[in-house]
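Following the working numbering, the numbering of the sequence shown begins with 18 at its first residue and continues without gaps.
Every residue gets a Cβ at the ideal spot worked out from N, C-alpha and C, and that includes glycine.
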Amino acid sequence: MNRREIVSGIGAAAAWLVAPSSTRAMVKKHQPENLSGGVGASQAKGSESIPPFVEHRVPRDGHFVYAREYGGKGPTFVLLHGYPDNLHIYDLLIPVVVAAGRHVVAFDFLGFGASEKPAGVDYGFKQQLGDLHAVADFLKLDSIVPVAHDAGGVAAINFTLSKPKLIAGLVLLNTFYADAPTLRIPELIELFSLPQTRAFGLAMASDPKQLAFLLRFQQLQFEIGVSQAQINVIDKLVQPLIFNNFAQHPSAGPAFAALAADLRPQIAANNQEVSKLAELGIPTTIVWGKSDAYLNVGVAQNLAGHFEGASVHLLDAGHWPQLDLPEDVGRYLLAER
Numbered sequence: 018m019n020r021r022e023i024v025s026g027i028g029a030a031a032a033w034l035v036a037p038s039s040t041r042a043m044v045k046k047h048q049p050e051n052l053s054g055g056v057g058a059s060q061a062k063g064s065e066s067i068p069p070f071v072e073h074r075v076p077r078d079g080h081f082v083y084a085r086e087y088g089g090k091g092p093t094f095v096l097l098h099g100y101p102d103n104l105h106i107y108d109l110l111i112p113v114v115v116a117a118g119r120h121v122v123a124f125d126f127l128g129f130g131a132s133e134k135p136a137g138v139d140y141g142f143k144q145q146l147g148d149l150h151a152v153a154d155f156l157k158l159d160s161i162v163p164v165a166h167d168a169g170g171v172a173a174i175n176f177t178l179s180k181p182k183l184i185a186g187l188v189l190l191n192t193f194y195a196d197a198p199t200l201r202i203p204e205l206i207e208l209f210s211l212p213q214t215r216a217f218g219l220a221m222a223s224d225p226k227q228l229a230f231l232l233r234f235q236q237l238q239f240e241i242g243v244s245q246a247q248i249n250v251i252d253k254l255v256q257p258l259i260f261n262n263f264a265q266h267p268s269a270g271p272a273f274a275a276l277a278a279d280l281r282p283q284i285a286a287n288n289q290e291v292s293k294l295a296e297l298g299i300p301t302t303i304v305w306g307k308s309d310a311y312l313n314v315g316v317a318q319n320l321a322g323h324f325e326g327a328s329v330h331l332l333d334a335g336h337w338p339q340l341d342l343p344e345d346v347g348r349y350l351l352a353e354r
């Protein structure tokens, strides 16, 4: 079972879930709705509606990466989502940072959210790193603080290694890079990351009802052992966001499946680079939801050990601290920058 077969199968099933979404203009400035308007979920207490932004379609090898730019002073916070979600995981954090007068850019990796989802693209972590380079170049960003969540940490850290002079700081939120003793991979991702289970994963994901079951199963796993407030965030914010990401047509399913298949090879490659992180000398802030059973506190501590002088802040939050406690996460982003 090769990656292309996995991609086509899960994409066909995910396309069943919802009608096509509308297209957007190349660049336009407007007053958008907040996350609750986008996914039918309640907004976090104390958060304001998302501020006005400029919308970009960033050219990327004949396709486009969708980006939102919020006016303010630099260094620019560039927000990187994980998978299988999109830039909306930052909808409650952005108002906190923009209210402090900071320049913010959030974008969807190719294959996710509002970015183009072309067939035949070699989706993977190398492609996501290229997306970040394309956004930074297109917007002419010369001082950047990457803010990475989940799988977005791979692009953020490898970009930092490749362009250290552009980096004013690095912020990591419940993410990963190289091997860590306590790292657990979510079961949905395991299906496609392990060669011996990919065929089984494809068989399930190619059936719309089974795909819906897989998404619901993974949601419930993230809710084990967390507070009711965190369960509410998953149910009301995260689950609809992820469901819609798969359900839109074209679907994010192909990019997700390909990234999952690329996970272990990329971690192996990152293991060869991890020794270079201590030499960067870049201020690194690790903000972590300590109820996350997958990217757990042990992963945070392991990451911190690779960066000289990294600060670690553990929050009473789950896998998505930027949704659980956006004001607290925002405070750490803004500190000393």
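Between which two residues does the alpha helix (DSSP H) containing residue i stretch?
i, result
"Ala153", "Phe142 to Phe155"
"Ser210", "Glu204 to Ser210"
"Val346", "Pro343 to Leu351"
"Leu183", "Counting along the chain, Leu183 falls outside any alpha helix (DSSP H), and DSSP gives it neither H nor E."
"Arg361", "Residue numbering for the chain in the displayed model covers 18 to 354; residue 361 lies beyond these limits and cannot be assessed."
"Ala269", "Per DSSP, Ala269 belongs to no alpha helix (DSSP H) and is neither H nor E."
"Pro376", "Residue 376 lies beyond the residue range present for the chain, which begins at 18 and ends at 354; the question has no answer from this structure."
Should residue i and residue j be called a contact, given that it needs their Cβ atoms to be closer than 8 Å?
i, j, result
"Gln235", "Pro203", "yes"
"Asn262", "Gly130", "yes"
"Leu190", "Val255", "no"
"Gly99", "Ala151", "no"
"Val95", "Ile161", "yes"
"Phe176", "Leu146", "yes"
"Gly186", "Pro338", "no"
"Glu86", "His73", "yes"
"Ile303", "His330", "yes"
"Ala197", "Val316", "yes"
"Gln245", "Gly335", "no"
"Gly137", "Asp279", "no"
"Leu356", "Phe239", "The requested residue 356 is not part of the displayed model; the chain covers only 18 to 354."
"Ile259", "Leu232", "yes"
Mapping the DSSP letters down to three states, classify residue i as helix, strand or coil.
i, result
"Arg233", "helix"
"Ile23", "Unreliable placement is indicated for Ile23, whose pLDDT of 46 sits below 50; the coordinate value is still reported in the next sentence. Reduced to three states, the DSSP call for Ile23 is helix."
"Thr301", "strand"
"Val164", "strand"
"Ser292", "helix"
"Asn175", "helix"
"Val243", "coil"
"Leu189", "strand"
"Ala197", "coil"
Contact between the stretch 208-215 and the stretch 307-326 (3+ Cβ pairs under 8 Å): Put simply, the stretch 208-215 does not touch the stretch 307-326. Fewer than three CB pairs are less than 8 Å apart.
4 or more residues per run - each alpha helix (DSSP H) lying fully within the stretch 66-136: Inside the stretch 66-136, DSSP marks whole alpha helix (DSSP H) runs of 4 or more residues at positions 111-116, from first to last along the chain.
Does the stretch 152-165 come into contact with the stretch 272-279, if we say contact requires no fewer than three beta-carbon pairs (one atom in each stretch) closer than 8 Å? Not touching, per the Cβ criterion.
Ordered list of alpha helix (DSSP H) runs contained in the stretch 310-338, each at least 4 residues: Within the stretch 310-338, complete alpha helix (DSSP H) segments of at least 4 residues are found at 314-321, given in chain order.
Assess, as a yes-or-no matter, whether the stretch 118-125 is touched by the stretch 279-299 under the definition of 3 or more beta carbon pairs within less than 8 Å. Output reads no: the stretch 118-125 does not touch the stretch 279-299.
Contact between the stretch 299-315 and the stretch 212-224: three or more CB pairs below 8 Å? The stretch 299-315 makes no contact with the stretch 212-224: fewer than 3 CB pairs, one atom from each, lie closer than 8 Å.
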